[in-house]
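Trainee: In terms of this note's numbering, the sequence shown opens at residue 2 and continues consecutively. Think of the CB as a built atom: it goes at the ideal place given N, C-alpha and C, for glycine as much as any other residue. Quick one: the structure is below, questions incoming.
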Amino acid sequence: MSCRILNIADEQEWIKSAQWLKNRDEPDPEVEKSVQAIISRVREEGDDALVDFCRQYDCPDFEPPLLVSRHDIALAAASVSVESREQISAAAANIRAFHQAQVEQSWFITRPDGSILGQRVVPVDSVGLYVPGGKGGNTPLISSLLMNAIPAQVAGVQRIAICTPPRKDGTLNPYILAAAHLLDIDEVYRVGGAWSIAALCYGTSSIKKTDVIAGPGNIHVATAKRLLQGIVGIDMVAGPSEVLIIADSSANPAWVAADMLSQAEHDVLASSICITDDAKLAEQTGKELEKQLKDLPRAGIARASLDNWGCIAIAPNLGVSIDIANFVAPEHLEICTRDPWGVLPHIRHAGAIFLGQHSPEPVGDYYAGPNHVLPTLGTARFSSALSVATFCKKSSIIAASKAFLRQNAAVIASLARMEGLEAHARSVEARGKSKLYS
């Protein structure tokens, strides 16, 4: 059996028995040390450091320029089949339609005294997107490009720069370039790793600095984003992928197993958990995992993931299953029950919620429209999916009227003096001494 099976009486027993999950998020001080050194080199040496890192880690014979020409982007897009381009375009349309519904408008209110108050929503000026190239550049994360770039475009960001690592021959995967072309993005750089994050943060002679950096990456990329947060805005620091499935006796064990494996094949640190109140389903799902693992191309990764971080837990009832799900606060939550909509009101913490037997997690990963950049490692308790808001900022608008200040100056000044800020008080009182207020 590749996945532990536990009998859980209640949420507290889960907390005691699931200590094995804690080690997934332990930071590696050696990684932080090496990433800090990379950041320092990029700040000091700029493009020279980027080229050197590309030669060390991606392409031994790498030569500038870093920027891919518009001509080469168009050629790569043309090399991709019409069918593939249509499929990418269809996914992009669904993602765009969903995110257009997220757009927030600026707003203003007028008080009876004539004061105007409001909030102005504007996009950031520039965004840097990291797009992993995948293994040797042969498994490009096209969906990540779409999921990050489209919300930024919907927000109204004028400049979007993409960094993605070159393949061994110095080229980029044509599917990444085709997706960029279909989105009308022409600022694409052949550079990846933590060094590209530093470049997007601080800028080099080839890559201008950006205001927000978004996109998934390996532990070094994630660490670079974490270290630079505050100097530059970031989407989130994402951990390993995870799914939790709430299932009852109506669930199909073959489908549940397939959904668990769809996460397990991501990474040896990915976590796939099923909580069910049906012992028979638990047993059948375990057997299906073994059966489906046999011919899975990434079986080694999936098996390691299930061995270390996977679990099928048998709960006494659906209520306990829900309690455990809320405690875990998973990145992806599938509700495979007779009445998933009846369960939904009881769910408080999850990055994305998939309702019903026909909503496997990959539907959200690629095509439905909601964003697949989601909080992991329990951070769904306080954070949300990447959205249009990730690429916007809000400014408060205050236009006080003469009547408002005349009426409230004394109170404001008094509050300022409570805090020992005399100049604040005098700033307000100075208006009262003006002839404008006589």
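Within 10 angstroms of the Cβ of Gln57, are there 16 or more other Cβ atoms? Answer buried if so, exposed if not.
Mentor: Exposed, by the Cβ-count rule.
Trainee: Measure how close the beta-carbons of Ala215 and Asp236 come, nearest whole angstrom, since I'm counting them as under 8 Å.
Mentor: Right, their Cβ atoms sit about 4 Å apart.
Trainee: Assign Gln408 to one of two classes, buried (16 or more other C-beta atoms within 10 Å of its C-beta) or exposed (fewer than that).
Mentor: Label assigned to Gln408: exposed.
Trainee: I want to know whether the region 173-193 touches the region 114-121 - three or more CB-CB distances under 8 Å.
Mentor: Contact between the region 173-193 and the region 114-121 is absent, because fewer than three Cβ pairs lie under 8 Å.
Trainee: Can you give the Cα-Cα distance for Leu290 and Asp260, rounded to whole angstroms?
Mentor: Taking the straight line from one Cα to the other gives about 10 Å.
Trainee: Note down, in chain order, each residue of its chain lying with its Cβ closer than 7 Å to the Cβ of Glu430, except the 5 sequence neighbours on either side.
Mentor: Result list for Glu430: Ala410, Ala414, in chain order.
Trainee: For the alpha helix (DSSP H) holding Ala303, just list the boundary residues, first then last.
Mentor: Per DSSP, Ala303 belongs to the alpha helix (DSSP H) from 300-310.
Trainee: Taking Ile39 as the reference, which of Lys226, Val81, Val122, Asp170 has the closest Cα?
Mentor: Residue Lys226 is the option with its Cα nearest to Ile39.
Trainee: Would the beta-carbon of Pro133 fall within 7 Å of that of Val158?
Mentor: Not in contact: Pro133 and Val158 (Cβ atoms no closer than 7 Å).
Trainee: Comparing C-alpha positions only, which one of Ile89, Ala258, Gln120, Arg42 sits nearest to Lys394?
Mentor: Taking only the C-alpha atoms, the option nearest Lys394 is Gln120.
Trainee: What number of angstroms, rounded off, separates the C-alpha of Thr205 from the C-alpha of Ser197?
Mentor: If you take the alpha carbons of Thr205 and Ser197, they lie about 10 Å apart.
Trainee: Have a look at Ser402, Ser263, Ala314 and flag the residue whose alpha-carbon is nearest the alpha-carbon of Val364.
Mentor: The option with the nearest alpha carbon to Val364 is Ser263.
Trainee: Among residues of its own chain, excluding the 5 on either side of Arg1, which ones have a beta-carbon nearer than 8 Å to its beta-carbon?
Mentor: Nothing about residue 1 can be reported from this structure: the residues present for the chain run from 2 to 439 only.
Trainee: Do the region 241-254 and the region 180-198 touch if we need at least three Cβ pairs shorter than 8 Å?
Mentor: With the cut-off at 8 Å, the region 241-254 and the region 180-198 do not touch.
Trainee: Counting beta carbon pairs with one atom in the region 323-331 and one in the region 300-312, are three or more of them shorter than 8 Å?
Mentor: Output reads no: the region 323-331 does not touch the region 300-312.
Trainee: Provide the residue span of the beta strand (DSSP E) that contains Lys394, from first to last.
Mentor: Here the beta strand (DSSP E) through Lys394 covers 393-400.
Trainee: Which residue's Cα is closest to the Cα of Ile143: Glu33, Pro254, Lys23, Leu183?
Mentor: Measuring from the Cα of Ile143, the nearest candidate turns out to be Leu183.
Trainee: On the premise that Val389 lies in contact with Val155, defined as a C-beta separation below 8 Å, what is that separation, rounded to the nearest angstrom?
Mentor: At roughly 5 Å, the Cβ-Cβ gap stays under 8 Å, so Val155 and Val389 are in contact.
Trainee: Measure the Cβ-Cβ separation of Pro254 and Leu282 and say whether it is below 7 Å.
Mentor: Their beta carbons are under 7 Å apart, which means Pro254 touches Leu282 by this criterion.
Trainee: So, using beta-carbon positions, are Ile96 and Leu147 closer together than 7 Å?
Mentor: Taking 7 Å as the Cβ cut-off, Ile96 and Leu147 qualify as a contacting pair.
Trainee: Looking at the unbroken alpha helix (DSSP H) that takes in Trp256, where does it start and where does it end?
Mentor: Trp256 -> alpha helix (DSSP H) spans 254-265.
Trainee: Assign Pro30 to buried or exposed, taking buried as 16 or more other Cβ atoms, counted over all protein chains shown, within 10 Å of its Cβ.
Mentor: Counting Cβ neighbours within 10 Å, Pro30 comes out exposed, since fewer than 16 surround it.
Trainee: So the candidates are Ile348, Val412, Asn149, Gln20; which of them puts its Cα closest to the Cα of Ser93?
Mentor: Per the sequence presented here, residue 93 reads as Ala, with Ser not at that position. Minimum Cα distance to Ala93 is reached at Asn149.
Trainee: Whole angstroms is fine: what's the gap from Arg160's alpha carbon to Ser127's?
Mentor: Rounded to the nearest angstrom, the two C-alpha atoms are 5 Å apart.
Trainee: Which complete beta strand (DSSP E) runs does the region 324-378 hold, if anything under 3 residues is left out?
Mentor: Whole beta strand (DSSP E) segments, 3+ residues: 333-337, 353-356.
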